[in-house]
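Here the protein sequences line up with chains E and U, keeping their order. This note's numbering puts the first residue of the first sequence at 180, with every later residue one more than the last. This note's numbering puts the first residue of the second sequence at 6, with every later residue one more than the last. A virtual CB, placed ideally from N, CA and C, is assigned to each residue, including glycine.
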Amino acid sequence: MSGMESDPVLALSDFSLRFAPGKNLVDGVGFEVRAGETLCIVGESGCGKSVTALALMGLLPVPPADIVSGTALFEGRDLFRLSEAELSDLRGNRISMIFQEPMTSLNPAFTVGDQLTETVRRHRRLPAAEASAVALDMLKKVRIPAPEKRMTDYPHQMSGGMRQRVMIAMALANAPKLLIADEPTTALDVTIQAQILQLIAQLQEETGTAVIMITHDLGVVAEVADHVAVMYAGHVVEAGPVEAIFDDPQHPYTIGLMGAMPSLGRRSGKLATIRGTVPPIERMPDACRFMPRCPFAQNKCAEAVPPLAPVGDGVHRAACWYAPLEKHFAEVA
Amino acid sequence: MKDARPIIETVGLVKQFGGRRQLLSRSPVVHAVNDVSLRVRDGETFAIVGESGCGKSTLGRLLIRLLDPTGGDVIYKGRNLASLSATEMRRLRRELQIVFQDPFASLNPRMSVADIVGEPIWLHETAGKKERREKVLDIFRTVGLRPDMADRFPHEFSGGQRQRIGIARALAGEPKLILGDEPVSALDVSIQAQIVNLLEELKERLDLTLIIVAHDLAVIRHMSDRVAVMYLGEVVELAETDDLFETPLHPYSQALLDAIPVPSPRARSAQAPVRGDVPSPTNPPKACRFHTRCPHAQPICSEVRPVLERADEGGRQVACHFWREIQAAGSSARAPIAASANFETRLALYRARQSGGAAPLKQP
Ligand SMILES: Nc1ncnc2c1ncn2[C@@H]1O[C@H](COP(=O)(O)OP(=O)(O)O)[C@@H](O)[C@H]1O
Ligand SMILES: Nc1ncnc2c1ncn2[C@@H]1O[C@H](COP(=O)(O)OP(=O)(O)O)[C@@H](O)[C@H]1O
Ligand code: SF4
Ligand code: SF4
Ligand SMILES: [Mg+2]
Ligand SMILES: [Mg+2]
């Protein structure tokens, strides 16, 4: 909006991806994230959150993946146009990623200390002793008790929460500009989740790292996001500042999702549901992809894709022909 | 008021795993459930919550006798389950059913879902083939599955549909009580809501008692009448759901509730989350098992085990030496934030449209 805002660390636009000829699995997705900010991408399983993240990291094998369109501007370069050598130079250095299951990025055969030290050495030409000191420092930063002792532990000797801390230490060891966290707390208990979310927030405050947090949990979104992109079936259907999304949800999918979540207050009747399920990609509608499940659908919704258009103040956008709903549909008696 | 007659009662229930002699040593003993005495009321939804590894599933399975206790008793409708003969127990089996997190993890992928659902009927009744089929299709309709899908195989169903099949299978035994062990944990929110609503409808319609084991506290708040909070094999608090969520008394209950991310950006938690992980149940901390993580711990907490004591005139119970002092010092759960007017208006439109008819398109 205003000239006050810094340039985005990452600007993704018009990103489309498919795994087979036919409809795009991810279709025309765009978002931005700025230094020190957290963008949450929220949506149910299969909507394309992880494949988008992996594509940004250059970790999606092409083929079978086919990036149909899109630019991903990061530090003046388009991530989709970089060579594998350039990408591997960025990964774990300028951009890092953490996953739901830490064991996907930890090697069970090496100690935690060795793996951290190796991560530091790969990108900074430091003597072994110095790299090891940085590694130990990182374990302290992620508040692992008795870090000296833990350096010699193997990943399987640690609890799920501790492994996730180690992965965060590895991801942040080289002070990246951008951290992509793909459901980092989904497999953890709420207590440990709270610890990990707080840790990420604290480290982010110290380093100014931009964070893209992928989650299916609106509670996590409310807890950590500055900005939110709601995804449904490969489309961003609503995006905006976190307060706008929660106070003024516009897209029927966002409203259904929020209504389906049990509240923590006293019970207020039955949960809302979203009828049916996401159709397979071959049977995906051509226009509004939410149409088969949307209680507001009209003929127009089958004819043209609703654009992600400004609602309210303009930063907040929704992709629905009938937003705001109360303007188009008669109030309930 | 609900009928307060217990359907299940436990007395000093203990379950340990391991401790078997190995080549040179003994495997370590896991103290999964330790001295649990509680009553589940007939017709209620009773929840068991706590972090993973705290013994929730083990306790649930002890209650319906899928596991035999190491010590203590389970009394079902006034009869001690340990005293039943094998035949009597087999007959009881159908009254006490279980729904798993993933009902297909343990099922034969080569059986049609009709056979899967019909299996308990076949086991327990001498019904003819046609009768059985009729009954299976009836149950299909009850749980919202299309009868014409009965001859398909498990892999042809989505996660939500599979959970409906799991529920159908439990219903086939005409149960009195269903234990749901994380019945919606693996599902997306919108599908989760469908299954939660289904379980509630069935409970009303069929007069069931539900025991729900879950780590998602929002689901628990929505569904249950009473909650038992478990920590390392012990029940540390037992309360009516609203009481627990509005004024948790035990420091562990408070820690659990504080950790839930509240779905409102204005209610961000300022508090430091509870420290550390759950210690190993092979070597649980002495006396109060929570003392290694408790912000209120005093020397006595590692010396004397706090008993589960009455905390009010109703049936509320708590096991902490200092719950009165902690409560007097003023600690309660975060107040829920009211939903915005815009959201309420649009959700009302959404519900009205979904149920058909209401909220028509305005003419331009
Ligand atoms: N390698 C692949 N080949 C074909 N389809 C894939 C592949 N990876 C993911 N998909 C499909 O892409 C869709 C989006 O997946 P994903 O990004 O993992 O969803 P999310 O992270 O939002 O749950 C899913 O339908 C999934 O089946
Ligand atoms: N069959 C078993 N053999 C050995 N240990 C078990 C067995 N079942 C559960 N346990 C152990 O008992 C403890 C409690 O487990 P469980 O009841 O599954 O906890 P929860 O359901 O709360 O996650 C855990 O430490 C678990 O590893
Ligand atoms: S465009 Fe139409 S079908 Fe799509 S969300 Fe809006 S009302 Fe529903
Ligand atoms: S008995 Fe002591 S350690 Fe245990 S919960 Fe109470 S105050 Fe905390
Ligand atoms: Mg994913
Ligand atoms: Mg369990």
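- Look at residue 295 (chain U) here: in three-state DSSP terms it is coil, with no helix or strand label.
- No Cβ of chain E is located within less than 9 Å of the beta carbon of residue 73 (chain U).
- One finds nothing in chain E with a Cβ atom closer than 8 Å to the Cβ of residue 61 (chain U); even the nearest lies about 12 Å away.
- Each of U:22, U:35, U:37, U:57, U:58, U:59, U:60, U:61, U:62, U:63, U:286 has a C-beta closer than 5 Å to some heavy atom of ligand 2; these make up the full list, in chain order.
- Taking the C-beta atoms as reference points, residue 380 (chain E) is found no nearer than 9 Å to residue 399 (chain E).
- Looking at the backbone, the Cα of residue 222 (chain U) and that of residue 262 (chain U) are separated by about 8 Å.
- Of all alpha-carbon atoms in U:240, U:321, U:271, U:305, the one lying nearest the alpha-carbon of residue 55 (chain U) is that of U:240.
- For residue 200 (chain E), the Cβ stays outside the 8 Å cut-off from all heavy atoms of ligand 1.
- Apart from sequence neighbours up to five positions away, the residues of its chain that approach residue 170 (chain U) with a beta-carbon distance below 6 Å are 118, ordered along the chain.
- When beta bridges are read from the DSSP output, residue 219 (chain E) appears opposite E:392, E:407.
- Note that the C-beta distance between residue 232 (chain E) and residue 359 (chain E) is below 9 Å.
- At a cut-off of 8 Å, the beta-carbon of residue 479 (chain E) does not count as near ligand 5: no heavy atom of the ligand is closer than that.
- Listed along chain U are 270, 271, each with a C-beta nearer than 8 Å to that of residue 422 (chain E).
- Between the region 449-469 of chain E and the region 194-206 of chain E there are three or more inter-stretch CB-CB distances shorter than 8 Å, so the stretches are counted as touching.
- Using beta-carbon distances, residue 356 (chain U) counts as an interface residue toward chain E, with a partner under 9 Å.
- Rounded to whole angstroms, the gap between the alpha carbons of residue 218 (chain U) and residue 172 (chain U) is 15 Å.
- In the structure shown, residue 84 (chain U) falls within a strand segment according to DSSP collapsed to helix, strand and coil.
- The C-alpha of residue 232 (chain U) lies about 11 Å from the C-alpha of residue 258 (chain U).
- Less than 9 Å divides the Cβ of residue 265 (chain U) from the Cβ of residue 369 (chain E).
- Contacts with chain U (Cβ-Cβ distance below 7 Å) from the region 473-487 of chain E involve 474, 475, 477, listed in chain order.
- With respect to the C-alpha of residue 244 (chain U), the residue from U:147, U:205, U:313, U:103 having the closest C-alpha is U:313.
- With contact defined as three or more Cβ pairs closer than 8 Å, the region 275-294 of chain E and the region 330-341 of chain E are in contact.
- Considering only beta carbons, the part of the region 448-469 of chain E lying closer than 8 Å to chain U consists of 449, 450, 451, 452, 453, 454, 456, in chain order.
- Interface criterion not met: the Cβ of residue 39 (chain U) is under 9 Å from no Cβ in chain E.
- By the Cβ criterion, the region 48-62 of chain U is in contact with the region 223-230 of chain U, since at least three pairs of Cβ atoms, one from each stretch, lie closer than 8 Å.
- Judged by pairs of C-beta atoms under 8 Å, the region 80-99 of chain U does not touch the region 17-28 of chain U, as fewer than three such pairs exist.
- Assignment of beta-bridge partners to residue 235 (chain U) by DSSP yields U:240.
- Residue pairing for residue 245 (chain U): DSSP places it in a beta bridge opposite U:231.
- Cα atoms of residue 395 (chain E) and residue 79 (chain U): separation of roughly 39 Å, rounded to the nearest angstrom.
- A Cβ-Cβ contact shorter than 9 Å links residue 436 (chain E) with residue 223 (chain E).
- When rounded, the separation of the alpha-carbon atoms in residue 484 (chain E) and residue 469 (chain E) is 10 Å.
- One alpha carbon belongs to residue 408 (chain E), the other to residue 242 (chain U), and they sit about 39 Å apart.
- At least one CB of chain E lies nearer than 9 Å to the CB of residue 347 (chain U).
- Taken through DSSP and simplified to helix, strand or coil, residue 170 (chain U) comes out as helix.
- In this structure, residue 425 (chain E) keeps its C-beta atom at 9 Å or more from the C-beta atom of residue 195 (chain U).
- In the pairwise beta carbon analysis, the region 346-365 of chain E is classified as touching the region 374-389 of chain E: at least three pairs are separated by under 8 Å.
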